[in-house]
Amino acid sequence: MTQHSDRQLWINGAYRPARSGEFFDTHNPATGEIICRVALAGADDVDDAVDAAKAGLEQWRSQSGAARGRVLHRAAALLREHRDELARLESLDAGKPLAETPEADVDSAADCLEYFAGQASSLQGEYQQVEGGFFYTRPEPLGICAGIGAWNYPLQIAAWKSAPALAAGNAMIFKPAELTPLSALRLAELFKEAGLPDGVFNVVQGLAETGQALSRHPDIAKISLTGEVGTGKAVMRDAAGTLKAVTLELGGKSPLIVFEDADLDNAVSGALLGNFYTQGQICTNGTRVFVHRSVKDAFVEKLLARTRALKVGDPLDVDTHVGPLISEAHMRTVLEYIETGKREGGQLLIGGGRVTVPGLENGHFVEPTIFDGLDDSMTIVREEIFGPVMSLLTFDDEDEVIRRANDTVFGLAGGVFTADLSRGHRMADALQAGIVWINHYNVTPIEMPFGGIKQSGIGKENSRRAFDHYTRLKTVFVAQAPVDSPY
Ligand code: NDP
Numbered sequence: 001m002t003q004h005s006d007r008q009l010w011i012n013g014a015y016r017p018a019r020s021g022e023f024f025d026t027h028n029p030a031t032g033e034i035i036c037r038v039a040l041a042g043a044d045d046v047d048d049a050v051d052a053a054k055a056g057l058e059q060w061r062s063q064s065g066a067a068r069g070r071v072l073h074r075a076a077a078l079l080r081e082h083r084d085e086l087a088r089l090e091s092l093d094a095g096k097p098l099a100e101t102p103e104a105d106v107d108s109a110a111d112c113l114e115y116f117a118g119q120a121s122s123l124q125g126e127y128q129q130v131e132g133g134f135f136y137t138r139p140e141p142l143g144i145c146a147g148i149g150a151w152n153y154p155l156q157i158a159a160w161k162s163a164p165a166l167a168a169g170n171a172m173i174f175k176p177a178e179l180t181p182l183s184a185l186r187l188a189e190l191f192k193e194a195g196l197p198d199g200v201f202n203v204v205q206g207l208a209e210t211g212q213a214l215s216r217h218p219d220i221a222k223i224s225l226t227g228e229v230g231t232g233k234a235v236m237r238d239a240a241g242t243l244k245a246v247t248l249e250l251g252g253k254s255p256l257i258v259f260e261d262a263d264l265d266n267a268v269s270g271a272l273l274g275n276f277y278t279q280g281q282i283c284t285n286g287t288r289v290f291v292h293r294s295v296k297d298a299f300v301e302k303l304l305a306r307t308r309a310l311k312v313g314d315p316l317d318v319d320t321h322v323g324p325l326i327s328e329a330h331m332r333t334v335l336e337y338i339e340t341g342k343r344e345g346g347q348l349l350i351g352g353g354r355v356t357v358p359g360l361e362n363g364h365f366v367e368p369t370i371f372d373g374l375d376d377s378m379t380i381v382r383e384e385i386f387g388p389v390m391s392l393l394t395f396d397d398e399d400e401v402i403r404r405a406n407d408t409v410f411g412l413a414g415g416v417f418t419a420d421l422s423r424g425h426r427m428a429d430a431l432q433a434g435i436v437w438i439n440h441y442n443v444t445p446i447e448m449p450f451g452g453i454k455q456s457g458i459g460k461e462n463s464r465r466a467f468d469h470y471t472r473l474k475t476v477f478v479a480q481a482p483v484d485s486p487y
């Protein structure tokens with residue numbers, strides 16, 4: 001792939017221009033420069049993708065699960081073969097450090113394809129003998145599913161949505177985020193090389209209107225969105241018009257709780273990972289770090305020492321820990337939150353400003369930032385910032401921290417660091433979150449269900465549970481006795 005040539009839409013197993021002939025630009029967040037122009041899909045292109053998906057679906061859903069699994073296995077192997085190239089592409093388009101993308105993006109996507117390749121032949125119904133006969137159930141594919149992605153994990157999101165959908169016998173139309181459209185196209189090319197029939201995976205790049213055309217399309221059975229809470233509500237409203245099923249992976253403001261008996265070095269590792277990995281642009285981040293008062297000073301000392309050592313810089317340099325934020329506009333939003341934190345009385349312990357990286361003066365770099373002296377009502381403690389900004393909070397006892405941790409509209413994730421495993425499980429029970437990590441943070445093995453509750457989302461991705469969201473159950477009754485008619 002030539003990274004600087006125009007990119008077209010991927011429909012029916014091939015590139016083609018948008019009907020309107022329109023394009024938008026995708027930028028390198030480290031330099032602000034345009035990488036290439038990308039075709040802009042309109043509603044008519046979405047119609048074409050739906051027609052292609054209908055044709056592809058007929059062929060795909062009639063194959064055995066094992067046959068579908070073989071294609072996904074080959075696709076996973078191709079991702080691994082192209083690991084370096086894909087990691088560089090993701091770092092270029094999303095600004096994510098090259099120290100992260102091979103593992104967190106490419107391996108995660110390949111793991112997912114492999115997992116669902118293995119699961120594809122395991123979809124089973126049930127059988128039960130009842131009065132007058134028996135019934136059985138058939139888990140059937142939904143049909144055409146649409147995936148709409150966020151910009152922070154473009155390839156991973158495309159894989160997390162397409163792998164279970166395709167394994168279950170669906171076709172997918174994927175809309176990557178406007179800011180990171182490139183890797184989904186490469187995935188489409190590799191799917192084709194792996195033997196996926198044309199039309200089974202299509203990519204329509206575009207803006208919110210393209211997403212809307214998917215959510216409102218009468219022939220699309222399901223939407224799986226990763227995005228902001230507001231977008232989730234808009235998609236759900238649009239999907240309601242045709243009663244589509246929705247999976248929503250939305251935002252968060254998750255608590256990371258450090259008890260007095262925690263291994264503090266380990267807890268600091270969790271807090272750093274849960275706030276500064278991918279420049280803090282991770283939905284599950286533990287951005288409210290509650291630390292028990294008795295260990296607060298020791299925790300802060302270790303935290304600051306390790307934060308000082310983080311290297312902000314060129315994402316294509318493997319020594320870089322923190323790359324640029326995704327866009328100029330997003331950087332402005334994050335810097336504005338930092339100003340709000342200061343204005344509302346927060347005490348800045350470290351960071352707080354834009355960083356100018358030599359040679360990359362137009363990049364959107366922001367220092368890893370930590371606030372203390374906060375109270376729970378402050379804006380930066382309540383709202384998702386989606387940048388490298390950690391809020392430190394102090395607590396005295398377990399009931400208090402549970403109440404404060406749950407005092408949010410979000411419910412994506414939570415973390416608990418403690419040596420007392422009973423307390424760990426008690427906290428897992430008490431926290432209103434879709435995922436709780438005990439003595440870890442942000443690990444997401446593909447075998448583990450992933451998804452939020454409250455306003456952080458609906459449904460689960462990954463694990464066998466994902467099949468529940470990409471299949472529907474048909475019940476078949478078979479009589480073993482004549483109809484006992486009263487007429
Ligand atoms: P957005 O909600 O802005 O966008 C997500 C996707 O939805 C994009 O492809 C976007 O298109 C599209 N879109 C926007 N408006 C509409 C609409 N009305 N109808 C249909 N589609 C629409 O999220 P971001 O891309 O800014 O990603 C950041 C957000 O994603 C954060 O809130 C983060 O927490 C959340 N997120 C959640 C995850 C989870 O698994 N729970 C994981 C990762 C991120 P366009 O790009 O053109 O605007």
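All the letters of the sequence shown, read from the start, carry residue numbers 1 to 487 under full-length UniProt numbering. Think of the CB as a built atom: it goes at the ideal place given N, C-alpha and C, for glycine as much as any other residue.
- Between the alpha carbons of threonine 418 and glycine 227 lies a gap of roughly 32 angstroms.
- In its chain, beyond the 5 residues on either side, Leu9, Ala39, Leu40, Ala41, Gly42 and Asp45 have a beta carbon closer than 7 angstroms to the beta carbon of alanine 18.
- Counting only the Cα atoms, threonine 475 lies some 29 angstroms from aspartate 238.
- In this structure, DSSP gives asparagine 266 a helical state, which the three-state scheme calls helix.
- Inclusion of asparagine 152 in the 7 angstroms shell around the ligand NDP follows from its C-beta lying nearer than that to a non-hydrogen atom of the ligand.
- When the five nearest sequence neighbours on each side are left out, the beta carbons in the same chain lying within less than 7 angstroms of the beta carbon of tyrosine 441 are those of Leu256, Gly270, Leu273, Gly274, Gly286 and Gly415, in order along the chain.
- Distance from the CA of isoleucine 350 to the CA of valine 300, rounded to the nearest whole angstrom, comes to 11 angstroms.
- Within its own chain, the residues whose Cβ lies closer than 7 angstroms to the Cβ of alanine 479, once the five positions on either side in sequence are excluded, are Gly132 and Gly133, listed in chain order.
- Per DSSP, reduced to three states, the secondary structure at threonine 444 is coil, with no helix or strand assignment.
- Looking only at Ala104, Arg74 and Ala76, the smallest Cα-Cα distance to arginine 88 is reached by Ala104.
- Under the 8 angstroms Cβ criterion, the stretch 57-74 counts as touching the stretch 151-169, having at least three qualifying pairs.
- Scanning the stretch 281-351 from its first residue to its last, the whole beta strand (DSSP E) runs of 3-plus residues come out as 288-292 and 347-350.
- Closest in C-alpha terms to glycine 199, from the list Gly125, Gly452 and Ala146, comes Ala146.
- For the 8 angstroms CB-CB criterion, alanine 221 and valine 203 do not form a contact.
- DSSP, read as helix, strand or coil, puts glutamine 63 in coil.
- Judged by beta-carbon spacing, leucine 86 lies beyond the 8 angstroms limit of valine 71, meaning their Cβ atoms are not closer than that value.
- Here alanine 165 is not bridged, per DSSP, to any residue.
- Remark: the C-beta of glutamine 59 is outside contact range of the ligand NDP, defined as less than 7 angstroms to any heavy atom.
- Scanning its chain for C-beta atoms nearer than 7 angstroms, with the 5 sequence neighbours on each side dropped, one finds around threonine 394 the residues Val291, Arg293 and Lys296, in chain order.
- Note on methionine 378: 16 or more other CB atoms within 10 angstroms of its CB, so buried under the neighbour-count rule.
- Rounded to the nearest whole angstrom, the CA to CA distance from glycine 353 to valine 366 is 6 angstroms.
- Taken in chain order, the unbroken stretches of alpha helix (DSSP H) that lie wholly in the stretch 378-459 and span 4 residues or more are 379-382, 398-405 and 421-430.
- According to the DSSP assignment, aspartate 84 belongs to the alpha helix (DSSP H) that extends over 83-94.
- For leucine 421, the number of other beta carbons within 10 angstroms of its own is below 16, and it is reported as exposed.
- Contact between the stretch 428-439 and the stretch 314-333 is not established, with fewer than three Cβ pairs separated by less than 8 angstroms.
- Within the DSSP bridge table, the entry for valine 258 names Val291 and Phe417 as partners.
- Annotation for valine 235: the continuous alpha helix (DSSP H) segment containing it runs 229-240.
- Counting C-beta atoms within 10 angstroms of its own C-beta, valine 229 has 16 or more neighbours from the protein chains shown and is therefore classed as buried.
- Residue range 108-119 is occupied by the alpha helix (DSSP H) that includes alanine 109, with no beta strand (DSSP E) assigned at that position.
- Relative to the Cα of valine 401, the nearest Cα in the group Lys175, Met427 and Ala158 belongs to Met427.
- If one requires a minimum length of 3 residues, the beta strand (DSSP E) runs lying completely within the stretch 168-228 are 171-175, 201-203 and 222-226, in chain order.
- Here asparagine 462 carries a coil assignment [DSSP, helix/strand/coil].
- Per the C-alpha coordinates, the member of Leu190, Arg186 and Phe191 positioned closest to glutamine 205 is Arg186.
- Approximately 7 angstroms separates the beta-carbon atoms of phenylalanine 259 and arginine 423; this is inside 8 angstroms, confirming the contact.
- Under the three-state reduction of DSSP output, arginine 354 falls in the strand class.
- The beta carbons of aspartate 93 and leucine 182 sit about 5 angstroms from each other, so the pair counts as a contact at 8 angstroms.
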